[in-house]
Amino acid sequence: MTALLDAISRLGRLAIDAVAHAGSMALFALRLAVVLFPTWSRPRDVAQQVYAAGVLSLVIILVAGGFVGLVLGLQGYNILNKFNATESLGVMVALSLVRELGPVVAALLFAGRAGSAITAEIALMKTTEQLAALEMMAVDPMRRVIGPRFWGALISVPLLAAMFSMVGIIGGYLIGVVVLGVDQASFWGQIREQMDPWDDVAEGALKSLAFGAVIALISVYEGYRAEPTASGMARATTQTVVLSSLAVLGLDFVMTAFMFGA
Amino acid sequence: MNVQRGVELVVGLFVLAGIAALMVMALQWSNFGASRISGYEVLARFDNVGGLSEQSPVKLAGLTIGRVGSIEIHPETFQAEVRMVIDDKYDNLPTDSFANIYTAGMLGAKYIEISPGGSLESLQDGDRITMTQSAIILESVVSKFLFDKAKE
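Keeping their order, the protein sequence lines are chains A and B. Going by the numbering used here, the first sequence runs without a break in its numbering and finishes at 262. Going by the numbering used here, the second sequence runs without a break in its numbering and finishes at 1152.
Structure (C-alpha cells):
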C-alpha cells in the first residue's frame, strides 16, 4: 500500500517539477526579453557570439549538408527511376532540404555543437561565481553574458540552415547529374518551376528562425539555472541537447502542420 | 584589436554567405544550368505543349540533340510557337521530320522527340517543322476513353 502511494506521489512530484521547470523558463524568457534590445548597445559582444556559435559550426554543418545531399540524390534516384521520373530528382532533393531537412538537421547539429557549448560556458561562469562577480560590479549578467549568447544562436541557426540546404542541393547535383547522368537542364528547371520563394524558401527560413529561438533560449536557460557543481554542469549540458532536440522535432511537426497542412 | 577585427570580418562574411544562400534558393536559380549549346534554330507550332518548358530536351532516337529555347503563343493561330536550338552536329535532319511531345515515364518531364522523315533536303537555321503532334494530356485521353465506352 505504502509502495503504491510512494509511486503515485513520485509521479506527482515529477509532474510538479516539469511544470515548475516550464514556468521558471517562461519567467526567464521574460527577463531575457527585457534585455534583448539593450544588448545591441554592444554589438561587438553579439558579433563575438555569432562567431563562436555560427562560424565555428560551419564545418560540421557544411560537411553534414553535403553528405545529406549526396544520400538524398542516391536514394531519390533509385526511387524515381522506378517511375521513370528521374528528371524530378532536382526538385525532390531541393524541396526535402529547403522545407524539412535543412532547418531540422541543421538545428539538431547546432544544438549538439553550439547549444551545449553555450550551456557549459554559462554554467562554468556560474560555478566559478563569475556571474555573481559581475553583479557585484553592477554589471547585469543578463545583458552582458546571456543576451549576446542568445542573439548569437538566434542569428546563426537560420543562416546555417540556409547554407546546409544549399550545400545539400549541390551534393544532390553531384550525385544526380555528374555521377548518375540525370539531365541537368531538367534538374535545375524542375527546381525553378516548382520551388516557390514564399511557400518553400521563406517558410523553411521561418522554421529555422523558430528553431534558433528555441535552442538559444534552452541553452542559455539551462546554463543560467545549472546547479553550481561539476555534476550540475554535466546535467545542464545534457539537458540542453535533449530538450533542444525534442523541442525542435515537436515544433517542426506543429509548424509543418500549420504551413503545409490543410 | 586586430583579433576583434578579424572576428568581425569573418562574422560579416558568414552573414553574407547565409543570406546569399537564401537568396539563390528564393530567386529560383534564374539561369542555373541553362546549358548554352550553340546550334541552329528550328521552329514548330503545337496545339498544346502541356508542360513543356524552356530548356526541355529535344531528342532524336532518345538522345538529347538540343533544347527548347522559347515558347510563345502565336498571336493569330493561338498555337504555341516553340523555338528549338539544335546542336550543329546534327545539321542533316530531313525537312519533313516529325516533332512529337512526349512524357518521360508516366509522370516525368516533357520533351520533344524528332522523328526523321525521308526528304533529301535538310533543315536549315530558321526553318519550320510543319508536322507536329501535341502533348498527350492524360485527362483528355481518359475522358475520351470513358466517353467512347459510354457510347457502346
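Yeah, the Cβ is synthetic: ideal placement off N, Cα and C, and Gly gets one too.
Interface partners of alanine 1061 of chain B on chain A, CB under 8 Å: Taking the first residue of the second sequence as 1, we reach residue 1061 of chain B at position 61. Ordered by position in chain A, no residue passes the 8 Å Cβ test against alanine 1061 of chain B, which lies about 16 Å from the chain.
Looking at C-alpha atoms only, which residue of A/Gly232, A/Pro228, A/Ala230 and A/Ala236 is the closest neighbour of serine 219 of chain A? Within the first sequence, residue 219 of chain A is the residue found at index 219, counting from 1. Residue nearest to serine 219 of chain A within the set A/Gly232, A/Pro228, A/Ala230 and A/Ala236 is A/Ala236 (criterion: CA-CA distance).
Could you tell me if threonine 229 of chain A is buried or exposed, where buried requires 16 or more neighbouring beta carbons within 10 angstroms of its beta carbon? Residue numbering aside, residue 229 of chain A sits at position 229 when the first sequence is read from its first letter. Exposed: under 16 other Cβ atoms inside 10 Å.
Output needed for isoleucine 1137 of chain B: all residues of its chain with C-beta closer than 7 Å, excluding positions within five of it in sequence on either side, in chain order. For the purposes of this step, residue 1137 of chain B is identified with residue 137 of the second sequence, where counting begins at 1. Excluding sequence neighbours, isoleucine 1137 of chain B sits near Asn1048 and Gly1050.
C-alpha gap between glutamate 1008 of chain B and valine 50 of chain A, whole angstroms: Here the question's residue 1008 of chain B lines up with position 8 in the second sequence. Here the question's residue 50 of chain A lines up with position 50 in the first sequence. Cα-Cα distance, rounded: 9 Å.
Tell me the rounded alpha-carbon separation between alanine 1080 of chain B and isoleucine 1065 of chain B. Start at 1 with the first residue of the second sequence, and residue 1080 of chain B comes out as number 80. Start at 1 with the first residue of the second sequence, and residue 1065 of chain B comes out as number 65. Their backbone Cα atoms lie some 21 Å apart in a straight line.
Could you check the C-alpha separation between glycine 1033 of chain B and threonine 39 of chain A for me, to the nearest Å? Start at 1 with the first residue of the second sequence, and residue 1033 of chain B comes out as number 33. Start at 1 with the first residue of the first sequence, and residue 39 of chain A comes out as number 39. Reliability fails at glycine 1033 of chain B, whose pLDDT of 48 lies under 50, so the model's placement of it is uncertain and the value that follows must be treated cautiously. For glycine 1033 of chain B and threonine 39 of chain A, the distance between alpha carbons rounds to 44 Å.
Within chain B, partners of proline 197 of chain A - CB distance below 9 Å: By 1-based counting over the first sequence, the position of residue 197 of chain A is 197. Near proline 197 of chain A (Cβ distances below 9 Å), the residues of chain B are Met1025, Ala1026, Leu1027 and Gln1028.
Taking the alpha-carbon positions, what's the isoleucine 79 of chain A to glycine 73 of chain A distance? In the first sequence, counting from the first residue as 1, residue 79 of chain A sits at position 79. In the first sequence, counting from the first residue as 1, residue 73 of chain A sits at position 73. One C-alpha to the other measures close to 10 Å.
Are the C-beta atoms of valine 1015 of chain B and some chain A residue less than 8 Å apart? The sequence position of residue 1015 of chain B within the second sequence is 15, counting from 1. At least one chain A Cβ lies under 8 Å of valine 1015 of chain B.
Three-way DSSP call (helix, strand, coil) for asparagine 1002 of chain B in this model: Stepping through the second sequence from its first residue, residue 1002 of chain B is reached at position 2. When secondary structure is reduced to three states using DSSP, asparagine 1002 of chain B falls in the helix class.
State yes or no: is the beta carbon of glutamate 1041 of chain B nearer than 8 Å to at least one beta carbon in chain A? Here residue 1041 of chain B refers to the residue found at position 41 of the second sequence. Interface criterion not met: the Cβ of glutamate 1041 of chain B is under 8 Å from no Cβ in chain A.
Give the secondary structure of glycine 1051 of chain B by DSSP, where H, G and I count as helix, E and B as strand, and everything else as coil. Counted from its first residue, the second sequence places residue 1051 of chain B at position 51. In the structure shown, glycine 1051 of chain B falls within a coil segment according to DSSP collapsed to helix, strand and coil.
Distance CB(glycine 76 of chain A)-CB(glycine 168 of chain A) smaller than 8 Å: Working through the first sequence from its first residue, we reach residue 76 of chain A at position 76. Working through the first sequence from its first residue, we reach residue 168 of chain A at position 168. Not closer than 8 Å, so no.
Shorter than 8 Å from the beta carbon of leucine 70 of chain A to some beta carbon of chain B? Locating residue 70 of chain A in the first sequence gives position 70, where the first residue counts as 1. Taking Cβ atoms only, chain B never reaches closer than 8 Å to leucine 70 of chain A, which makes this a no.
Rounded to whole angstroms, what's the CA-CA distance from lysine 126 of chain A to glycine 232 of chain A? Just pull it up for me. Along the first sequence, one-based indexing puts residue 126 of chain A at 126. Along the first sequence, one-based indexing puts residue 232 of chain A at 232. Distance between the alpha carbons of lysine 126 of chain A and glycine 232 of chain A is about 11 Å.
Chain A residues whose Cβ lies nearer than 7 Å to that of arginine 1067 of chain B: The residue you call residue 1067 of chain B lines up with position 67 of the second sequence. The contact set of arginine 1067 of chain B on chain A, defined by CB atoms closer than 7 Å, consists of Ala185 in chain order.
Between leucine 180 of chain A and the rest of its own chain, which residues show a CB-CB distance below 7 Å, the 5 nearest in sequence each way excluded? Translated into positions along the first sequence, residue 180 of chain A becomes position 180. Short of 7 Å from the beta carbon of leucine 180 of chain A, and not among the five residues preceding or following it, lie these beta carbons of its own chain, in chain order: Tyr77.
Rounded to whole angstroms, what is the Cα-Cα separation between threonine 1130 of chain B and leucine 1043 of chain B? Locating residue 1130 of chain B in the second sequence gives position 130, counting from the first residue. Locating residue 1043 of chain B in the second sequence gives position 43, counting from the first residue. One C-alpha to the other measures close to 9 Å.
Run through chain E and tell me which residues come within less than 8 Å of alanine 47 of chain A, C-beta to C-beta. Absent here is chain E; the protein component of the structure consists of chains A and B.
Please check if any C-beta of chain A sits within less than 8 Å of the C-beta of leucine 1022 of chain B. Locating residue 1022 of chain B in the second sequence gives position 22, counting from the first residue. Among the residues facing chain A, leucine 1022 of chain B is included, as its CB has a counterpart in that chain under 8 Å away.
Within the chosen definition, does the stretch 85 to 94 of chain A reach the stretch 188 to 202 of chain A through at least 3 CB pairs nearer than 8 Å? The answer is yes - the stretch 188 to 202 of chain A touches the stretch 85 to 94 of chain A, with three or more Cβ pairs under 8 Å.
Determine the direct distance from the alpha carbon of valine 178 of chain A to that of tryptophan 151 of chain A, and round the result to whole angstroms. Position 151 of the first sequence holds residue 151 of chain A. Position 178 of the first sequence holds residue 178 of chain A. Here the alpha carbons of valine 178 of chain A and tryptophan 151 of chain A stand approximately 40 Å from one another.
Assign threonine 238 of chain A to buried or exposed, taking buried as 16 or more other Cβ atoms, counted over all protein chains shown, within 10 Å of its Cβ. Here residue 238 of chain A refers to the residue found at position 238 of the first sequence. Counting other Cβ atoms within 10 Å of its Cβ, threonine 238 of chain A stays below 16 and is therefore classed as exposed.
Anticipated Cβ contact below 8 Å, aspartate 17 of chain A with arginine 144 of chain A, distance rounded: As a working mapping, residue 17 of chain A is identified with position 17 in the first sequence. As a working mapping, residue 144 of chain A is identified with position 144 in the first sequence. That belief does not hold up - the Cβ atoms of aspartate 17 of chain A and arginine 144 of chain A are roughly 30 Å apart, past 8 Å.
So with CB distances below 9 Å, who are the chain B contacts of arginine 44 of chain A? Walking along the first sequence from the start, residue 44 of chain A turns up at place 44. Those within 9 Å of arginine 44 of chain A in chain B are Gln1004, Val1007 and Glu1008.
I'd like to confirm the pairing. Which residues does DSSP put opposite valine 1068 of chain B in its beta bridges? Translated into the one-based positions of the second sequence, residue 1068 of chain B becomes position 68. The partner list for valine 1068 of chain B (beta bridge, DSSP) reads B/Met1084.
Taking C-beta pairs closer than 9 Å, name the residues in chain A that alanine 1044 of chain B reaches, listed in chain order. Position 44 of the second sequence, counting from 1, holds the residue named residue 1044 of chain B. Those do not exist, as alanine 1044 of chain B stays about 18 Å from chain A at its closest Cβ, beyond 9 Å.
So, phenylalanine 211 of chain A versus alanine 107 of chain A, is the Cβ gap smaller than 8 Å? Taking the first sequence and counting its residues from 1, the one referred to as residue 211 of chain A is at position 211. Taking the first sequence and counting its residues from 1, the one referred to as residue 107 of chain A is at position 107. Yes, they are a contact pair.
Spatial distance of arginine 1128 of chain B from leucine 1120 of chain B (CA atoms): As a first step, residue 1128 of chain B is located in the second sequence; it is residue number 128 there, counting from the start. As a first step, residue 1120 of chain B is located in the second sequence; it is residue number 120 there, counting from the start. Computed Cα separation, rounded: 16 Å.
What do you get for leucine 249 of chain A, buried or exposed, if any count of 16 or more other CB atoms within 10 angstroms of its CB means buried? On the first sequence, position 249 is the one that residue 249 of chain A refers to. By the neighbour-count criterion, in which a residue is buried when 16 or more other Cβ atoms sit within 10 angstroms of its Cβ, leucine 249 of chain A is exposed.
Residue interval of the alpha helix (DSSP H) (run including arginine 192 of chain A): In the first sequence, the residue the question calls residue 192 of chain A occupies position 192. Per DSSP, arginine 192 of chain A belongs to the alpha helix (DSSP H) from 184 to 194.
Measure from the C-beta of alanine 1104 of chain B to each C-beta in chain A and report whether the shortest distance is under 8 Å. Stepping through the second sequence from its first residue, residue 1104 of chain B is reached at position 104. So, interface residue.
Taking C-beta to C-beta, are valine 182 of chain A and glycine 189 of chain A nearer than 8 Å? Taking the first sequence and counting its residues from 1, the one referred to as residue 182 of chain A is at position 182. Taking the first sequence and counting its residues from 1, the one referred to as residue 189 of chain A is at position 189. Cβ distance not < 8 Å, so valine 182 of chain A and glycine 189 of chain A don't count as in contact.
For proline 1094 of chain B, the residue or residues it bridges with in DSSP: Indexing the second sequence from 1 puts residue 1094 of chain B at position 94. Its beta-bridge partners are B/Ser1122.
Can you tell me which of A/Glu100, A/Arg10, A/Leu4 and A/Pro43 puts its alpha carbon nearest to the alpha carbon of proline 148 of chain A? By one-based count along the first sequence, residue 148 of chain A stands at place 148. Among A/Glu100, A/Arg10, A/Leu4 and A/Pro43, the Cα nearest to that of proline 148 of chain A is on A/Pro43.
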